[in-house]
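Sequential numbering from 2 applies to the sequence shown in my numbering. Don't be surprised by glycine CBs; every beta carbon is placed ideally from N, CA and C. Reading through the structure tokens given below for one structure.
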Amino acid sequence: MAVNSVNNDLFYDNNKSPRKPVKTLDKDAFLQIMVAQLKYQDPTSPMDNDKMIEQIAQFTTLEQITNLNSNFEKLYSLQQLGYGSSLIGYGVTLQNGDENISGTVQKVTMDATGVKIWVADKPYDLSQITSVEKGSVW
2 MAVNSVNNDL FYDNNKSPRK PVKTLDKDAF LQIMVAQLKY QDPTSPMDND KMIEQIAQFT
62 TLEQITNLNS NFEKLYSLQQ LGYGSSLIGY GVTLQNGDEN ISGTVQKVTM DATGVKIWVA
122 DKPYDLSQIT SVEKGSVW
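Encoded structure:
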């Protein structure tokens, strides 16, 4: 009769990475906690309705503030893209480490790190601009 070891892959998947702990609670976690509180509350001393409504209102407010912050971040990105686009064809001076680079803005792109202006076929952050000169727009 064959005996399988306890460490057999049938019992344990070695390929899975351990689950990372979550540092913040989202809406689903909040609702799970609230349902657990309702489910396991002491029947002789049930949860106060006012407290439950207060918790829901606080969480809803927090969720809306988070949504508002996300919308402001998107608006800021679009504003930066608009500003960068307005520089196309203009001469700029950029601070890149210890050197100053001057040239005409050729194009503007946006990636995960932010808006980039392209001068002499190289991308630079908007924060690197030290001066802008009116140039010939195509």
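- LEU95 is positioned such that its CB atom lies closer than 8 angstroms to that of VAL120.
- Annotation for THR94: the continuous beta strand (DSSP E) segment containing it runs 92-97.
- Around the beta carbon of TYR125, a 10 Å sphere encloses 16 or more other beta carbons of the protein chains shown; the residue is thus reported as buried.
- When the beta-carbon positions are compared, VAL133 and TYR91 come within less than 8 angstroms of each other.
- The shortest C-alpha to C-alpha distance from MET111 to any of TYR77, ASP99, ILE102 is the one to TYR77.
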